[in-house]
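Report on the following structure.
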Amino acid sequence: MTGTGVLGAATIAIVVCMGLSLIRSIAGPTVFDRILAVNSFGTKTVLLIALIGYLSGRPDFLDLALVYALMNFVGTVAAMKFTRFGDLAGVEDDDSEEIF
Amino acid sequence: MSDLPGIHLVLFTFLAVIAIAVIRLKDLFAAVMLMGIFSLLSASLFTVMDAVDVAFTEAAVGAGISTILMLATLALTDSEEHPAHNRFRVVPLLAVLATGGALVYATFDMPRYGDPSAPIHHYVAPHYLEHTDDDIGVPNIVTAVLASYRGYDTWGETTVILTACVGVLLLLGGHAVVERFRRTTPGQEDGE
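From first to last, the protein sequence lines stand for chains A and B.
Residues in the first sequence are numbered from 957 upward in steps of one, following this note's numbering.
Residues in the second sequence are numbered from 134 upward in steps of one, following this note's numbering.
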């Protein structure tokens, strides 16, 4: 029962954090505030799914949370690449960065 | 889910807030980022409602691919909205209200969420549940349905998705990769 209380409190805290990053993503004056807010919101989603999995007695949600974490990372990198280069295949013009 | 009575309400409130913000914002980059959050929230909501596979698809397609496609579009066009018509219009509002009302009215005929006597649970699902162990022998019934009962269907879908992926990759990054290859190839020949 105590475990459920702790998990419930953590879920409420995560939801509050989601609300805060939501405010930042709407209000955020620069592009990078918003990208960071989306990234942080994705992390909160991962944590929320993990917590809900344990709260409802189905820890196999953890696999889903891990896949979300990977997707969140790839998505953030893609968003950064678009902001910096305008396409997904962009690299720095510096010769040391050539991939071929 | 009885363990978390308020979580649906909170997630739906977030969804409504994001939807209104997306409509109100003039900065389209911010709107795209908010749509990504919208998809993640929908995915959480689907997970809470035990539709894990739907949630997974929503996160991959909604938060992943469509955000990237929207950003690719913004990279080619302007990222600031310039509305042509700002004045209030009655007919579109009425059309939206009527459609929304019809959709809400249609939900009254749907079976209650999680109702075991809903038609969807009495079509082929019982057959799969009873025979998967003998027919296929894998513990996960969703996997058995996707990979064996509907194997040809899944095979076709996979082909379609692979073709679409190759096409999108060529459209998005193909040109830049080819250009970079052309630029660097003479340098490599000089080095030899």
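Backbone N, C-alpha and C fix where the C-beta goes; we use that ideal spot for every residue, glycine too.
From which residue to which residue does the alpha helix (DSSP H) around residue i run?
i, result
"S175 (chain B)", "L161 to V181"
"H254 (chain B)", "Note, H254 (chain B): premise wrong, no alpha helix (DSSP H); not H, not E."
"I294 (chain B)", "G284 to L302"
"N273 (chain B)", "Neither: N273 (chain B) is in no alpha helix (DSSP H) and is coded neither H nor E."
"Y223 (chain B)", "The sequence given here has Val at residue 223 (chain B), not Tyr. Segment V223 to T240, the alpha helix (DSSP H) holding V223 (chain B)."
"G1031 (chain A)", "F1017 to F1041"
"R990 (chain A)", "V987 to L1011"
"R220 (chain B)", "Unbroken run through R220 (chain B): none, as it is neither H nor E."
"L142 (chain B)", "I140 to R157"
"A208 (chain B)", "T200 to L209"
"V194 (chain B)", "Unbroken run through V194 (chain B): none, as it is neither H nor E."
Applying the 10 Å Cβ sphere with the 16-neighbour rule, what's the burial state of residue i?
i, result
"Y1024 (chain A)", "buried"
"S250 (chain B)", "exposed"
"T276 (chain B)", "exposed"
"I253 (chain B)", "exposed"
"F997 (chain A)", "buried"
"V972 (chain A)", "exposed"
Leaving out the 5 sequence neighbours to the left and right, which residues in its chain are closer than 6 Å to residue i when beta-carbon positions are compared?
i, result
"L158 (chain B)", "A164"
"F1029 (chain A)", "none"
"N995 (chain A)", "T1032"
If we define contact as Cβ-Cβ less than 8 Å, is residue i a contact residue for chain A?
i, result
"A163 (chain B)", "yes"
"V194 (chain B)", "no"
"L173 (chain B)", "yes"
"I253 (chain B)", "no"
"I170 (chain B)", "yes"
"F179 (chain B)", "no"
"L197 (chain B)", "Looking at the sequence itself, residue 197 (chain B) is Gly, so the reference to Leu does not match. Cβ-Cβ to chain A under 8 Å: yes for G197 (chain B)."
"M243 (chain B)", "no"
"T287 (chain B)", "no"
"D323 (chain B)", "Confidence in D323 (chain B) is poor, its pLDDT being 47 and thus under 50, which makes the residue's placement unreliable; the coordinate value appears in the next sentence. Answer no: the Cβ-Cβ gap between D323 (chain B) and chain A never drops below 8 Å."
Kindly say whether residue i, judged by its beta-carbon, lies nearer than 8 Å to any beta-carbon of chain B.
i, result
"Y1010 (chain A)", "no"
"R990 (chain A)", "yes"
"A1025 (chain A)", "no"
"S996 (chain A)", "no"
"L978 (chain A)", "yes"
"T999 (chain A)", "no"
"L1020 (chain A)", "yes"
"M1036 (chain A)", "no"
Could you check which residue in the options has the C-alpha nearest to that of residue i?
i, options, result
"M1027 (chain A)", "B:A193, B:F314 and B:I201", "B:A193"
"F147 (chain B)", "A:A969, A:G975, A:L1007 and A:I970", "A:G975"
"L1007 (chain A)", "A:A983, A:L1022, A:V994 and A:N995", "A:L1022"
"E213 (chain B)", "B:L204, B:V150 and B:G169", "B:L204"
"A196 (chain B)", "A:T967, A:D1016, A:I979 and A:T1001", "A:T1001"
Counting only the same chain and skipping the five closest in sequence on each side, list residues whose C-beta sits under 8 Å from that of residue i.
i, result
"E191 (chain B)", "S172, S175, A176 and F179"
"V987 (chain A)", "T1039"
"L207 (chain B)", "L161, F162 and V165"
"L963 (chain A)", "L1007, Y1010 and L1011"
For residue i, which residues from the same chain have a beta carbon less than 7 Å from its beta carbon, with the 5 sequence-adjacent residues on both sides left out?
i, result
"L279 (chain B)", "T287"
"L1018 (chain A)", "A1006 and G1009"
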